[in-house]
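Numbered according to the working numbering, the sequence shown spans residues 6 to 404.
We treat Cβ as the ideally placed atom computed from N, Cα and C, and that holds for glycine.
Since this is a predicted model, take the numbers as computed values, not measurements.
Since the structure comes first, as structure tokens, the remarks are kept for the end.
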Amino acid sequence: MTDFDLIIVGGGLVGASLAVGLAARGQRVAVIEAVERSADHQPSYDDRTLVINAASLNILDNLGLLPADLARTPIRHIRISRAGGLGHLELDADDYEQDQFGAVIVARELGNVLLEAMTSSPGIRTFCPARLQGFEVHADRVEVTLEDGHSISTALLVGADGNRSRVRELAGLTCQQHDYRQSAMIFNIRPRHAPAHTAWERFTAEGPLALLPQPRGRLGVVWIEQSERIDQALNWSDEELCQRLKTRFGTGLGDFSKPGRRSRYPLVCQRTPWPVAERVMVVGNAANAVHPVSAQGFNLGLRDVGGLIDAIDGTSDPGEREVLHDYARARQSDQESTVRYTDTLARAFTNPSLVASLASGLGLAAHAGFPGLSRRLVRSAMGFREPVCTLARHPRVSP
Ligand SMILES: Cc1cc2nc3c(=O)[nH]c(=O)nc-3n(C[C@H](O)[C@H](O)[C@H](O)COP(=O)(O)OP(=O)(O)OC[C@H]3O[C@@H](n4cnc5c(N)ncnc54)[C@H](O)[C@@H]3O)c2cc1C
């Protein structure tokens, strides 16, 4: 008998959610996390404002990870525009018989909930701070070695260890990568006046800009541009930042003031077409990492979590080849189309050529003009992509 049913390397947003879900279904889970267990240190649990779509809210809720005191701001209106071009898209949840498209949650605050849930679950043992050294795959188990020399065995080893996944590398899983040479700068800010529950996405020649609703009338800003320009932007004074944001966004929300701390993230696209090997697999960013232009990364990772829990449900050996292949086949279309859609959006709106710029303007105009298209876009953006995992099927926020 193995020490654990599953060992998860990486206790970030995706790894921790998976651990909580598996332990609730009676699995014996170990989490190996490199960084000290505190939401102030954990790299996954930082100041990012995450747009959590409706399907993901269902998943988190069903995992018991949406307590009443977790601050979340519903998104009921979405405004998408393109600087100096054709196309303007307005989406209102009412028009789709929905209360909300999703909600904005700060990663650090969700991190606190995840840490609490992992600590209080008797089915989870956490090794932290600890790093994966290597592993050896046998017919019935995987022997995992930590850098401190500790050795533990499992039926299935899951890599949830982010973009530079060591598990993916050691398992020899093929991963296609593209460096956008762009970075995202995030901070929050106070607008002079902003309608409640509204998210804005503005496409400019320099790159996309998102403004997301937060508590107390503030907005979370995701500012994407070439990496060298973001390096400069990190050094602007607060006054210059507010002025430049107004120039880039337009005058619709009046003057901006009181910007918070700025953080920077280099942006890459990664795709692992077949994320499973013998008794080893990868989920979340370790498998597929996407540009934040469509706010899909964590949402995609949560659908991996839901898909894996469905695949393992009722099996005596979670590492069985059939289980892993069923999982990979069921997740393939969603993973493939989410990465492709996001990559197309990221490239189209930053390509300076006239053809690309015309096409993207017309694309927005088409979405705005044809309700059928918008409906498909909305259903997909809300995370209800076939096959919808059991945890996402919830009566509260339905497609
Ligand atoms: C600016 C920005 C905005 C975003 N906005 C959104 C959004 O609005 N909505 C959305 O859905 N997504 C968004 N994302 C994407 C989202 O943040 C990621 O998809 C998500 O954080 C991925 O989580 P993860 O757990 O897979 O990986 P990570 O967050 O990278 O966590 C990996 C964990 O593994 C640990 N680890 C790594 N290597 C080892 C090792 N060898 N041993 C042990 N532990 C290890 C790390 O310490 C870390 O805790 C955004 C991303 C960015 C950059």
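What is the rounded straight-line gap between the Cα of residue i and the Cα of residue j?
i                 : j                 : result
cysteine 247      : methionine 190    : 14 Å
alanine 291       : threonine 159     : 19 Å
leucine 11        : glutamine 32      : 7 Å
leucine 217       : phenylalanine 106 : 13 Å
alanine 201       : proline 278       : 40 Å
arginine 115      : threonine 256     : The sequence shown places leucine at residue 115, not arginine. Whole-angstrom Cα-Cα distance: 33 Å.
glutamine 138     : glutamine 47      : 20 Å
arginine 381      : cysteine 180      : 29 Å
arginine 223      : tyrosine 101      : 26 Å
leucine 272       : aspartate 184     : 7 Å
alanine 35        : leucine 71        : 23 Å
valine 172        : glutamate 206     : 35 Å
threonine 395     : glycine 311       : 7 Å
threonine 78      : glutamate 141     : 45 Å
phenylalanine 303 : threonine 347     : 13 Å
leucine 120       : threonine 131     : 10 Å
alanine 88        : glycine 212       : 10 Å
threonine 7       : methionine 123    : 21 Å
valine 14         : isoleucine 110    : 24 Å
arginine 221      : serine 49         : 24 Å
glycine 149       : serine 125        : It should be noted that the sequence gives valine, not glycine, for residue 149. Cα to Cα, the separation comes out at about 25 Å.
alanine 351       : serine 342        : 14 Å
valine 19         : leucine 175       : 20 Å
alanine 210       : glutamate 325     : 49 Å
phenylalanine 9   : glycine 16        : 16 Å
proline 392       : tryptophan 241    : 46 Å
arginine 53       : glutamate 244     : 22 Å
leucine 363       : alanine 386       : At leucine 363 the pLDDT is 45, less than 50, meaning the model places this residue with poor confidence; the figure from the coordinates comes in the next sentence. Taking the straight line from one Cα to the other gives about 23 Å.
glutamate 95      : isoleucine 80     : 13 Å
isoleucine 194    : valine 227        : 11 Å
valine 360        : aspartate 51      : Because the pLDDT of valine 360 is 42, which lies under 50, any placement of that residue in the model is unreliable, and the question is left without a value.
arginine 390      : arginine 384      : 8 Å
leucine 258       : phenylalanine 192 : 17 Å
alanine 300       : asparagine 67     : 21 Å
Taking only heavy atoms of ligand 1 into account, decide whether any of them is closer than 7 Å to the Cβ of residue i.
i                 : result
glutamate 230     : no
phenylalanine 208 : no
alanine 24        : no
aspartate 52      : no
tyrosine 346      : no
aspartate 166     : yes
valine 56         : yes
leucine 86        : Reading the sequence as shown, one finds serine at residue 86 and not leucine. Outside the cutoff, so no.
alanine 291       : yes
proline 297       : yes
asparagine 117    : no
leucine 137       : yes
valine 40         : yes
glutamine 408     : There is simply no residue 408 to check, as the chain begins at 6 and stops at 404 in what is shown.
valine 19         : yes
serine 49         : yes
isoleucine 37     : yes
alanine 122       : no
asparagine 304    : yes
glutamine 337     : no
arginine 171      : yes
glutamine 105     : no
alanine 204       : no
isoleucine 129    : no
valine 14         : yes
isoleucine 80     : no
DSSP on residue i, reduced to helix/strand/coil?
i                 : result
valine 40         : coil
threonine 343     : helix
methionine 6      : coil
phenylalanine 254 : helix
histidine 183     : strand
methionine 123    : helix
phenylalanine 261 : strand
glutamine 248     : helix
proline 196       : strand
phenylalanine 106 : coil
glutamine 337     : helix
valine 19         : helix
alanine 361       : Low confidence applies to alanine 361: its pLDDT is 49, below 50, so where it sits in the model is not reliable, and the reading given next is rough at best. It is helical.
proline 271       : strand
histidine 93      : strand
arginine 173      : helix
arginine 384      : helix
arginine 266      : coil
Quick one: does residue i have its CB under 8 Å from some CB of chain B?
i             : result
aspartate 339 : Among the chains of the structure shown, chain B does not appear; only one protein chain is present.
**Asked** In the stretch 58-82, which residue ranges form an unbroken beta strand (DSSP E) of at least 3 residues, counting only runs that do not cross its ends?
**Response** Runs of the beta strand (DSSP E) inside the stretch 58-82: 78-80.
**Asked** At what residue ranges does the stretch 277-321 contain a whole run of the alpha helix (DSSP H), taking only runs of 4 or more?
**Response** 302-317
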